Structure formats: structure tokens, C-alpha cells
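Residue numbers (the UniProt record's numbering), protein chains in the order written: chain A, 1 to 363; chain B, 1 to 363; chain C, 1 to 363.
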């Protein structure tokens, strides 16, 4: 890496001193379970440079990504039975950050240790807790995501890196009216249909829910491929915002056959999990999965759905990064709100309140 | 784009507050006509981030490159009959910056508009006016460039991007003595011939004229290819500086047959148009064309002349960008003037005077 | 080069004003002799932008890398019999920085000259002296390196560029215990053997000597290929630190046959020369050679030894650059010393003393 380029973690460490730019007292997604193999992962999360690893017995750990001897990132080391070994002089640390061994000397210096973070793996996700000074230990459990253990669904996912603040990605997901303009070539379809959909925005506690129904419409190609629809369909889009992630449940039933409001509705479902974890105030990790319930050819349709989702997110990334660059360019200029901003603005107020410390741990 | 890299328009916007680094009350070239097809162009000019586009009826427009809703550059949008549509949520703006439509709502908010710039297309060039606060509207017409409509000539051109201030490119063009050193491999020829040429520097108003005659010399290969010279030739180089562009008229006649001073002289002509428009104080757009009057094989020779010009400018770009990097490295060191600097220094005084506001609109 | 990226020499020039970050009153390696062919080399050394060149008669010269006319780096120019000619307008400078010619005018302006640096080529190395204000001229000769002229040895080498401060490379070379962790895939071998070796650290004046003996061990593949060892060997590693370079003499004799302490010991030898010359406070040039005394197939084994050394240094570069990035990221965190740091820490104290001005010229 070129030293003359700004380093996200360095810049962030400096800014971090002042005030929290993100809610701290909550669980964030640090990785998808499938990412943690036998190699450590170095990743900056909420301005903290972290090494994530899984020991051969399957346990996941997160330490500060720095050997206390001469600062080499521990992510350049190797994972062993009892922990992670530094790739420079071989110091060995366990999952709590305790130094177990300094090669070539009998005694481990008293000051030889690194910080550890609370992590918990569940539902194929690895969650991490940073916490404010008063809440360095988790005050609750990470949220469950039952879709990943529901046998009716197949799913897959990935990780995107965005050069943009996390809240711009919240905005994007909470307002699917952009489908007709950004995703012309993929899932977009007819812009007017999306813009004209019935929309309802609700909030409860630290969550926001945006529901859109598109009745009596033509099912998109992916839908007809995955499910034997008879003709027209009634479609729904349900977006549920939580400070650590969004859940987007879209789907369709044969037109005029079922209530779209029932959680037990049939038809074809696509359920997206979207966890945006800030790297810094200006960059984000985007962990996502999409689960679906194809009537047949489960594996094949799962693969197609995953590929299409990835292409779609790639389109969003281009737009959101360009948007952020331009926001900095025109930093002093006011933005004009329109009707689709109701959901996004409500989510921003929740984050703002949490950063100000007016909230209990939320996910 | 990587957020940790400096962004020209952002940096520029900040500096812009203080004092003009460029003359503002004049027309600049914003694009070659041929660049404006059915896609919008995003371009920073004089520190302003601009989107240029041509509607299907042929009209050219220039707006600030930012949707007033959520800041996406309008250059990511699409051009329609009535204007440009944002690529995020579909707001539509006409060529004056007025918002015509906000998809999904009936009323367009009163504050929904973007700034527009004065543009005029003529002679295959697109001109733009920024203007000082007192002169936000053009106080004159853009200059004509009749060569582009003269049937005796064929021409083509292109655009270069320089990581260097525009005045370093003026210097380079006003002093063709560098041909023998920078352009050894292309149009250079014998360094001593160039250095030994008769030179005359004249000035009038906001223009500078450098004339060099090289009598009784061997015509370069391009010349003999394009024109049936008998033997030795008398060559001329006429460089005409205007604050917005330079015109370089070079050519040759059979030795001792005609006066080199007559504008009606015969022989072979190459006429260069060179408009250097600052992107920022540290970077420039270089719009150029070269027109020639081959006796035969017009298209073929036009192609060769254009390719050779492009190669030559590529050589200049390498030298000028290296020069500028080194100027910053040795910022506190004085430069020593030599005889070839008379023309360039005169042009610099004109620009300085114009920045100080002592000039009427010039081109 | 992109103007918006930080330029090492520019940043350095600014910092340079305050206090020396490196000992100034000593010779540094500026190049390997073999680097200086008929093309000039531009290189920043100790924050100074320098052009190095060799005139056709073989003389080596070093000037500030800037034409005094319009600042083009002289390294963009061409070398002639009497000096170097600028690649923009053709000014010609001799090896003392005197301007001999300004093309197109008879008189050379009095102020037309550039600074020259003291250089000396010996033992296949080009040395340069910068000097403090009080010692702008060398107060001693550069150190000899007789290995390069010793007929028992064959050698070759190269230059690496590190995005890391020079002292991190000193640390690395003075502590070969990292071999077992960083160089697993090349010369590493068994980590425990390296860590368990007998070690002795000595100091004298401005030098540090670290000696490690590994008795009765299995010779590595390179050793058995180069020399007819009978079975087990006694190996030595001798590291000699001088402020301008390190000498690393490693080798082996048949086990229990000779004293490892005698400079006349037989067996197979590999002698490394490692000169780390700061480019800036944050980056370094690393000039190296490795000499060996193969019993047979000298050329072939010289080639293999050189290639293996290069691969090894590549591994060090990755680790040291990552270490430096992380040091900046965790700038406020203390490092914990372990037993292997004795040699490196002693060398750091010498450099610190020299920067404070408490030392006579050292190499």
C-alpha cells in the first residue's frame, strides 16, 4: 500500500476521539460465516482495525489487528489450535488477546496482550460488539435471522465494499422507487409501475417499515422461472429497517387469490438480508444474502437469484459512490426532499437519536 | 473513485471562494461539437462541475452537474426530448435547469432546480461563459474560428487532459523552440534550425503574435507527402495567442517564390486550433484541431496529420506534467529567463491583468 | 503522475526545514555502479531530488534534478560528452552544475547553474554525500567494500523500493529470528532452530555486531548445491551494522571441523551487502548485493543465490510495509520489547545520537 494515500483506519482513529459517528451500543455484522475459513481476515469496522479468525475447533474470535511487539497486523499471521501467531516474530495470542508464547524466550512479558472484541456467530452470521465506554460488554444478544435456518428457503450471499457512508445505503434500500432508474438493465422493469405503487411507511421503536403493493401486474422473468404462476400476480415489497441491517421481503401470489398482508402468504418469495457496517464515516462493508423458495430446481434458481442480486448491488454501488463524491463537491448546497424520502428520513432520525445516546441497545 | 484521493472539483470549490485564478469574463471552449452525442458529458471547467448535453433537436445545454434531490451527478442520467433525467430517482430538468417532473408526485417542489450556464455552439466548437458576479451573462459573442468552415481545409481533432496548470501549456505553444528537444522523434527535426530561426514577437490588446521564418530549408516528410514541392522551401510558423485559445499557422512555399507575410500565400498549410480550458488551478483540458490543405489524398493526409499531431501533444504532455511536478517540488527556487521566453511572458502578463480585473471581455 | 497524490520529494522538502531526520554527515549509497548506463537516473535521496548520470568517459555526477530555466527534471534530458542536456529547451550542464550552453543565444546568464553533490564511485557502488550546513563537503572517504573486488567471490544484486522508514529495515536485518516466520517458503527452515540459536550482540563506536551460531544442523538446499558438505554443518550468521549499510556474512563448515570465529574459516560463504538509503522519512531505497564462493558452477549458483535473495527481500518488503502502515494506524500505542530487540535497539540509539549531532562522520 502506498503510504501517501490516506488510510481509512488511520484517518478514522483520529476522528474517533471526538464523538461517535455511529451507534456504538449494538451488534454489527462483522462477516458472513462462510468467509471465515482457515485464514484470518483483516477488516476495519467502525474505525477499529480488527482481525477475525476461526480456530480449528470452529470458535470465532476478533482481536485488534496489531501484534503488540512491532505492530504487524495479526491478519498477516497464521491460525493455530490455540489462537493466532504473528507473521513476523511468531508471538502467539489466544482468542481473548492473551499472549501465550514469545518464541526464543521463556517468559511472556506482562504487557504482551492485545484487545479482544465480543463476537457471536449465529444464523450463518458473525456479529461483533464495540460498545461505548460505559457498555464495553454487550448488554443484549445479537438479533436472530431465522430465514437462514428455515428449511423452506435456499440462500447465498456476499460482501460489497462501498466508498460511501453507510446511511446512503440505508437510503437506497428504504426507497425502492429507484429501481426503475438505476436498475433499468436488471430488476428495474417499468419505472412508472414502481413509482405508482401503493406505499405505506410505519415505524415502531428503532425500526421502520415500508410496504409497497403492486397488484395485478406481470410477473418478472425470475418469478415465472421459479414458480408456476397462472397469469397476472399481486406483488409486495416489505422493507424493514433496523439500525444494524435491513430485511427486504419481496414476492408475489396469483392475482386476487390471497391477502398480501398475511405472513403465511404463498407464492414465490425472495428475502434479502442487508447489513451495512460502517468501515469509517466515509466507507462501508455491505453483507448480504438472498433467500428464495423456488418450487423446483432449487439450486439452479438460488444461483440465478444470487447472481442477479450481485449485479443489482453493483449498479447501486456505482450510483451511491458517485452520489457521495458529488455530495462532497457540493457540500454547501441544500438538498430538496421529495415524497419517496419519508422512509429514509425516518431511519436517519433513529440513527441520529442513537448517536446522541438517547437509545437502548438496538439491532 | 476512491474517496481518499483528492477530488479536483472539491478542492477547487474551496479555493474558489477567495479570488479568481483565471479570467472569468470570457468564453472558454467546453467541448468539441463532435463530443456531444446522445450521452451527457460530466466535466469540471474553471472549478465548476458541469454536465453538457445535446437534446435530440440538436440544442446544447450546460447545467451544474448535480441533481438537487440527492446530489447524483446529472451526467449519470439520460438525455430526453425535453432535457436530462437523473439516473437515481428520475427527476427531469430542461436546458435552463428547471425541474419539469418528479416521478411519483404531482407537484414539483418550488426549490427543485439547478443552475444553468450560457453556452453557444459555433464553428464545430461548444463555448461556455462562467462570468464574474458582475457579468454572469455574456457581454459579447464567442470568437469565430472560420478555418473550421473554410472549404479549402480538412480538419480533425481531439481532447487531452493535462495534470498541469493551463499557463504552462500556453508557454509551451508560444515557444516552438522546444521542437528540437521534446519532439526529436516526431516533428522535431534539427534543433539548431529551430533555435536559429528569425523570430518576431508582437502584441496587440489581449493577443500576442510570434512569427518565425525558416528560409531555404528542406521540407519535412509530411509536407512533401501532402504537396508537390519542387525542392527547398521557405517555412513559416505563426503563433497567435488569445486568452481562450491559440492559433498556430504553419506552412511552406517553394523557396524564394512568394512573400511569407501574405495571408494569401500558397503552398502547404497546417492550421492548429488549441484551446486550453482550466479544469482547476492545477489541471487543464486541451481541445485541439489541425486543419490542412493537401493537394491530393485529402482524407488520407488529414488522418496522418491528425495522428502525428496527437503523438506530438502526447510528448508535450509528458514534459509539461513532469515540469509541473518539479515546480512544486522546488517551489521556493527562482527560474532563470532566456531569450525564448519573450512571447510566453507577454501572454502571462495579459492573463495576470485580466485576473486583476483590468480588462474587458477578451477571447 | 497525478498531481493530487502526495509527492515524496515535495513533502520532504517542506519537513526538511526543521531538523535532520537522518544523519547528514556521512556517505550514503546512491546507486549500484551497474545502474548508471547512458541514461540519467532521477532519484530522491534524503529528501533531495537528484539526477545521477555517467558521461561517456565514465565519470559519475550528481546534480539537483531540475533545470534552472523552467524546472523540468534533468533526468528527462540526455547525456552528452560534456554533461547533461535538458529535454525541454536544451540547456547543457556539466558535472559541477555549470551551464555550458543556452541554445539560440550567445551568452549564458550568470544565474544559470544547478547545485551539484559530492559523489564517489568505488567497489561497484556509487556513494553520495549530502552533509549538514557545516559539512557540505565530505570530511572523510566513503567506506570500502572489498568483497566486491575479492576474486574468491561472485556477486550480483539489485535495488528495492520500500514504502517504509529505513530504520524498520535495519531492525529487520539486525534480527534474523524472523526467518522462521516471514521466510517460511524460502530460506526460513525450522523456526525453533533460528529462535534457539546462540546469540551475541556487541557494539563498537557507530557499529553493532550480532553473531549467531547454529551448530550441528542440516545444511539448507542452497548450501549443499554449492558446496560438497559431508553431513551436518556448523553454521554462522554475522550481522554488522553501520549507519549507511549492513554486512551479513553467513556460511557453514562441516560440523566440528573448524572454529566459527576465524575470518579465515572455509566452507561455503554468502556475504550480503545491504545499504538502506532513505528517500524520505517514510520511504527507502534498498541497494543490495550477495556474494558467494561456490566450489563449482560459479555462474549458475551466483544466479540462483541472487534470485533467492530477491525473493526473500520481496517477502520482507510485504511485511515491513504492512508493519509501517499499522504503526501509523496505531500511532499512540506502546510497543512491547522482546529479547530479539537488543541489536536493533542498539542501532537505533546510534542513529539517534548521530541525528542529534553527537557523532563524527560514520559509515
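The beta carbon of each residue, even a glycine, is placed where N, CA and C say it ideally should be. This one's a predicted model, so the numbers in the text were calculated from it and none came from an experiment.
Cβ-based neighbour list, residue i, same chain, cut-off 7 Å, excluding 5 preceding and 5 following
| i | result |
| --- | --- |
| residue 142/C | 27, 120, 122, 127 and 363 |
| residue 360/C | With a pLDDT of 48 at residue 360/C, under the threshold of 50, the modelled position of that residue is not reliable, and no figure is offered here. |
| residue 316/B | 172 and 182 |
| residue 342/C | 201 |
| residue 217/B | 193, 232, 233 and 235 |
| residue 167/C | 348 and 351 |
Beta-carbon gap between residue i and residue j smaller than 8 Å
| i | j | result |
| --- | --- | --- |
| residue 49/B | residue 66/B | yes |
| residue 41/C | residue 162/C | no |
| residue 75/B | residue 94/B | no |
| residue 234/B | residue 210/B | no |
| residue 109/A | residue 89/A | no |
| residue 118/A | residue 97/A | no |
| residue 147/B | residue 153/B | yes |
| residue 208/A | residue 174/A | yes |
| residue 44/C | residue 279/C | yes |
| residue 32/A | residue 54/A | no |
| residue 229/C | residue 219/C | yes |
| residue 225/C | residue 23/C | no |
| residue 242/A | residue 206/A | yes |
| residue 331/C | residue 73/A | no |
| residue 261/C | residue 131/C | no |
is_contact[residue i, chain C] using C-beta, thresh 8 Å
| i | result |
| --- | --- |
| residue 180/B | yes |
| residue 326/B | yes |
| residue 79/A | no |
| residue 114/B | no |
| residue 41/B | no |
| residue 10/A | Note that residue 10/A scores 49 on pLDDT, short of 50, meaning its location in the model is unreliable and no value can be drawn from it. |
| residue 281/B | no |
| residue 340/B | yes |
| residue 323/A | no |
| residue 210/B | no |
| residue 105/A | yes |
| residue 343/B | no |
| residue 15/A | Because residue 15/A sits at a pLDDT of 43, beneath the cut-off of 50, its placement in the model cannot be relied upon, and the following sentence gives the value as read from the coordinates. It does not: the Cβ of residue 15/A has no partner Cβ on chain C nearer than 8 Å. |
| residue 319/B | yes |
Contact with chain B by residue i, beta-carbon distance below 8 Å
| i | result |
| --- | --- |
| residue 346/C | no |
| residue 330/A | yes |
| residue 46/C | no |
| residue 111/C | yes |
| residue 177/A | yes |
| residue 150/C | no |
6 Å Cβ shell around residue i - same chain, five flanking residues per side excluded
| i | result |
| --- | --- |
| residue 248/A | 239 and 272 |
| residue 305/B | 290 and 292 |
| residue 197/C | 212 and 214 |
| residue 64/B | 114 and 115 |
| residue 309/C | 290 |
| residue 5/A | Reliability of the predicted coordinates at residue 5/A is poor, the pLDDT of 42 falling under 50, and the value obtained from them is presented with this limitation in mind. Around residue 5/A: no qualifying Cβ. |
Whole-number beta carbon distance between residue j and residue i, since they are thought to touch under 8 Å
| i | j | result |
| --- | --- | --- |
| residue 245/B | residue 29/B | 7 Å |
| residue 111/C | residue 336/B | 5 Å |
| residue 92/B | residue 80/B | 7 Å |
| residue 62/A | residue 46/A | Actually they do not touch by this definition, with Cβ atoms about 12 Å apart. |
| residue 288/A | residue 268/A | That pair is no contact at about 19 Å. |
| residue 77/B | residue 86/B | 5 Å |
Beta carbon proximity, residue i to chain A, threshold 8 Å
| i | result |
| --- | --- |
| residue 335/C | yes |
| residue 60/C | no |
| residue 1/B | Residue confidence for residue 1/B is low, a pLDDT of 31 falling below 50, so the modelled location carries little weight; the figure read from the coordinates is stated next. Closer than 8 Å to some Cβ of chain A, the Cβ of residue 1/B qualifies, so yes. |
>> Does the segment 285-301 of chain B come into contact with the segment 133-141 of chain B, if we say contact requires no fewer than three beta-carbon pairs (one atom in each stretch) closer than 8 Å?
In response: Not touching, per the Cβ criterion.
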